[in-house]
Amino acid sequence: MITQPLAAGELNRPYVGETEKLLVDIMYRAHTIPFLICAMTIDEIDGLVPKRDNNAQQGKVDGISVLLSHIEGVKNIPNLIVFGATNRRNMMDEAFLRRMQAKVFVGRPSPAIRSNMLLPLVCKDSSVFTPKRIDSLVKITTNFSGAAIGALKSNLIIEMDRNPKITDHRLLELADSVAREFNIWFGISTLPEICRLNPTIINSTQHEDNYSLEFEKLKPTGRILIDYTDRKCLIEIKDEPTLEKDLESDETSVPRLLARFIHGCSTRNIDTIQTIDLNFLIKQNAFDENQIFELLTTTFLECNEYNRSMLIFDIDSLIMLN
C-alpha cells in the first residue's frame, strides 16, 4: 500500500488544483519502488469520479482526468493497482469504469448464507435458537446486508446476556431496529415490523406447499402475475401451460402477499426481494422524474447482478405515476 485506505472525501479539497496535486503525489510514490506491486484504495470512489455532464464541477473533471491519465493513460504507472468501492456504480464516470479491469459485485447474502451466518446464535444457546427460530430469523432478515446480519447477531447476544429467554416479540423489535438503522425498507415499513403486525408471514407452515416456487420437472420463466379480481396467482412455466394457484382469503394487498413471496423465495434460495411501489419511492425521497429514474436504474442494476432476485411491481400503485 502506498498510503492508508482513503475515502473520496479526504481527497476532495476546497482549493483549485489541490485534489489533482494530492492524487499525483500519492500515485507517484509507486515510481520510487518500481520493483514492487503498489496499491491505492479509495472508498466511496463515486464521490471522486462522478459522471461528467453539463452540471459537473470543473474541479471534479480535472480530478477524473488525472486518474485517467495515470490508469492506462499517457502517464500510466505499470506497478500501481487502484481499488475502489462504491454503492452507486451507475453514478460513476463511464471512461473511468472502462479503465477498471475487474469489477466485483458484493451483494446481499442469500437465505442459505444468512442461515450459516446465524449459526453462532445456536452455539450461544441451542434451546433458545431452535431450527424453527433460525428459519424465522432467515425470513425476517430478507434483504439484510452482511453488516446488518452482524449487527443483529451482536444485539441478540447482548440481549441474551440481559434476558436469556428472549421472546419472539423482542427478537422482532431488535431486527426492526437494525433494519431501520441500515435503511432496509419493505414499502413504508420494515419487514420485521410487518411480521410483528402479521405473524403469519413467518409462521405459515400450513401454506408452505401452496407458496413454494420449487416445482418438480417444471421450469418457471420468472414471471408471476397476482390477479386480485380472479383471486389467482399465475406462474408462467417454460414450454408448459401457465400454473394457477388460488390466493388465500386475506391476500388482498402487497403486504398481505409477503408471506407468499418470502416463503417462495426461500424455496429457491433467491438472494433479494425488492418491492417497487409509491411507498418505495417516497422512502427513498424520489419525487421528480430524474430522481425516480436514478433510483429505479440503481435498483434494477443491483438486481441484475444477483443470480436470483425478485422484483415486485405494485401496478395499482405505480399507474398513478406520470
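For what it's worth, my numbering labels the leading residue of the sequence shown as 46, then goes sequentially. Quick reminder that beta carbons are idealized off the backbone N, C-alpha and C, glycines included.
Self-check item: Exposure label - residue 300; buried when at least 16 CB within 10 Å
Solution: Translated into the one-based positions of the sequence shown, residue 300 becomes position 255. Burial call: buried.
Self-check item: Under the three-state DSSP convention, the category residue 117 falls into
Solution: By one-based count along the sequence shown, residue 117 stands at place 72. If DSSP states are grouped into helix, strand and coil, residue 117 belongs with coil.
Practice problem: Could you round the C-beta distance between residue 112 and residue 141 to whole angstroms and report it? I think they count as a contact, below 8 angstroms. | Solution: Counting from 1 along the sequence shown, the entry for residue 112 is found at position 67. Counting from 1 along the sequence shown, the entry for residue 141 is found at position 96. The C-beta distance from residue 112 to residue 141 rounds to 6 angstroms, short enough to fall under 8 angstroms.
Exercise. Rounded to whole angstroms, what's the CA-CA distance from residue 48 to residue 85? Just pull it up for me.
Key: Taking the sequence shown and counting its residues from 1, the one referred to as residue 48 is at position 3. Taking the sequence shown and counting its residues from 1, the one referred to as residue 85 is at position 40. About 7 angstroms.
Quiz prompt | Collapsed DSSP secondary structure at residue 328 in the structure displayed | solution = The sequence position of residue 328 within the sequence shown is 283, counting from 1. Note: residue 328 maps to helix in three-state DSSP.
Self-check item: Cut-off 6 angstroms between Cβ atoms - residues of its own chain near residue 366, not counting five sequence neighbours on either side
Solution: Here residue 366 refers to the residue found at position 321 when the sequence shown is read from its first residue. Its pLDDT being 48, under 50, residue 366 is placed unreliably in this model, and the value from its coordinates should be taken loosely. None.
Quiz prompt | Sub-8 angstroms separation of residue 214 and residue 241 beta-carbons | solution = One-based indexing of the sequence shown puts residue 214 at position 169. One-based indexing of the sequence shown puts residue 241 at position 196. Yes, they are a contact pair.
Practice problem: Give the DSSP-derived three-state secondary structure of residue 366 in the structure shown. | Solution: Start at 1 with the first residue of the sequence shown, and residue 366 comes out as number 321. Any reading at residue 366 needs caution, since the residue's pLDDT is 48, under 50, leaving its predicted position unreliable; the model's value is listed next. Look at residue 366 here: in three-state DSSP terms it is coil, with no helix or strand label.
Practice problem: Leaving out five residues on either side along the sequence, give the residues of the same chain with a beta carbon under 6 angstroms from the beta carbon of residue 271. | Solution: Position 226 of the sequence shown, counting from 1, holds the residue named residue 271. So the list reads 278, once near-sequence residues are dropped.
Quiz item: With respect to the beta strand (DSSP E) encompassing residue 181, which residues constitute its N-terminal and C-terminal limits?
Solution: For the purposes of this step, residue 181 is taken as the residue at position 136 of the sequence shown. Where residue 181 is concerned, there is no enclosing beta strand (DSSP E), although the alpha helix (DSSP H) it sits in stretches over 176–185.
Quiz item: For the beta strand (DSSP E) that contains residue 70, what are its first and last residues?
Solution: Taking the first residue of the sequence shown as position 1, residue 70 is located at position 25. Note, residue 70: premise wrong, no beta strand (DSSP E); alpha helix (DSSP H) at 63–72.
Quiz prompt | Residue range of the unbroken alpha helix (DSSP H) whose run includes residue 191 | solution = Taking the first residue of the sequence shown as 1, we reach residue 191 at position 146. For residue 191, the enclosing alpha helix (DSSP H) begins and ends at 191–207.
Quiz prompt | residue 78, DSSP secondary structure in three states | solution = Here residue 78 is taken as the residue at index 33 of the sequence shown, counted from 1. Note: residue 78 maps to coil in three-state DSSP.
Practice problem: Identify the continuous beta strand (DSSP E) that holds residue 354 and give its terminal residues. | Solution: Translated into the one-based positions of the sequence shown, residue 354 becomes position 309. Going by DSSP, residue 354 is part of the beta strand (DSSP E) stretching over 354–358.
Quiz item: In terms of DSSP beta bridges, what is residue 263 paired with?
Solution: Within the sequence shown, residue 263 is the residue found at index 218, counting from 1. Bridge partners of residue 263: none, in fact.
Exercise. Put residue 301 into one of helix, strand or coil per three-state DSSP.
Key: Counted from its first residue, the sequence shown places residue 301 at position 256. Three-state DSSP puts residue 301 in a helix.
Quiz item: residue 174: which of 146, 209, 154, 157 sits nearest, CA to CA?
Solution: If you number the sequence shown from 1, residue 174 lands on position 129. The shortest Cα separation from residue 174 among 146, 209, 154, 157 belongs to 209.
Quiz prompt | Element boundaries [beta strand (DSSP E), containing residue 281] | solution = For this step, residue 281 is matched to residue 236 along the sequence shown. It spans 277–282 - the beta strand (DSSP E) in which residue 281 sits, taken as one unbroken run.
Exercise. Name the two residues that bound the continuous alpha helix (DSSP H) containing residue 288.
Key: Within the sequence shown, residue 288 is the residue found at index 243, counting from 1. It is not in any alpha helix (DSSP H) - residue 288 instead sits in the beta strand (DSSP E) that spans 288–291.
Quiz item: DSSP on residue 269, reduced to helix/strand/coil?
Solution: One-based indexing of the sequence shown puts residue 269 at position 224. Of the three classes helix, strand and coil, the one that applies to residue 269 here is strand, per DSSP.
Quiz prompt | Where the alpha helix (DSSP H) containing residue 337 begins and where it ends | solution = For the purposes of this step, residue 337 is taken as the residue at position 292 of the sequence shown. Going by DSSP, residue 337 is part of the alpha helix (DSSP H) stretching over 334–350.
Quiz item: DSSP three-state call for residue 229: helix, strand or coil?
Solution: Position 184 of the sequence shown, counting from 1, holds the residue named residue 229. Correct three-state label for residue 229: coil.
Exercise. Output yes or no for whether 8 angstroms exceeds the beta carbon distance between residue 315 and residue 353.
Key: Taking the first residue of the sequence shown as 1, we reach residue 315 at position 270. Taking the first residue of the sequence shown as 1, we reach residue 353 at position 308. Cβ distance < 8 angstroms, so residue 315 and residue 353 count as in contact.
Quiz item: Around the C-beta of residue 256, are 16 or more other C-beta atoms found within 10 angstroms, so that it is buried, or is it exposed?
Solution: Position 211 of the sequence shown, counted from the first residue, corresponds to residue 256. Per the 10 Å Cβ criterion, buried.
Quiz item: Between residue 297 and the rest of its own chain, which residues show a CB-CB distance below 6 angstroms, the 5 nearest in sequence each way excluded?
Solution: By 1-based counting over the sequence shown, the position of residue 297 is 252. Closer than 6 angstroms at the Cβ level, and outside the excluded window around residue 297, lies no residue.
Practice problem: Return the first residue and the last residue of the alpha helix (DSSP H) that residue 239 is part of. | Solution: The residue labelled residue 239 in the question sits at position 194 within the sequence shown. Here the alpha helix (DSSP H) through residue 239 covers 236–242.
Exercise. Kindly confirm or deny that the segment 313–328 and the segment 278–288 touch, where touching means at least three C-beta pairs closer than 8 angstroms.
Key: The segment 313–328 is not in contact with the segment 278–288.
Quiz item: First and last residue of the alpha helix (DSSP H) that includes residue 318?
Solution: For the purposes of this step, residue 318 is taken as the residue at position 273 of the sequence shown. For residue 318, there is no enclosing alpha helix (DSSP H); the enclosing beta strand (DSSP E) covers residues 317–321.
Quiz item: Are there 16 or more other CB atoms within 10 angstroms of the CB of residue 207, so buried, or fewer, so exposed?
Solution: Here residue 207 refers to the residue found at position 162 when the sequence shown is read from its first residue. Exposed is the call here.
Quiz item: Quick one: Cα of residue 79 to Cα of residue 191, how far?
Solution: Locating residue 79 in the sequence shown gives position 34, where the first residue counts as 1. Locating residue 191 in the sequence shown gives position 146, where the first residue counts as 1. Note on geometry: alpha-carbon atoms of residue 79 and residue 191 lie some 37 angstroms from one another.
Self-check item: Among 245, 236, 276, 282, nearest to residue 263 - alpha-carbon criterion
Solution: Residue numbering aside, residue 263 sits at position 218 when the sequence shown is read from its first letter. It is 282.
Exercise. Return the chain-ordered ranges of every beta strand (DSSP E) run that is complete within the segment 103–173 and spans a minimum of 3 residues.
Key: The qualifying runs are 125–130.
Exercise. Quick one: using the 10 Å Cβ neighbour count with 16 as the cut-off for buried, is residue 308 buried or exposed?
Key: Taking the sequence shown and counting its residues from 1, the one referred to as residue 308 is at position 263. Burial state of residue 308 is buried, judged by a 10 Å Cβ sphere holding 16 or more other Cβ atoms.
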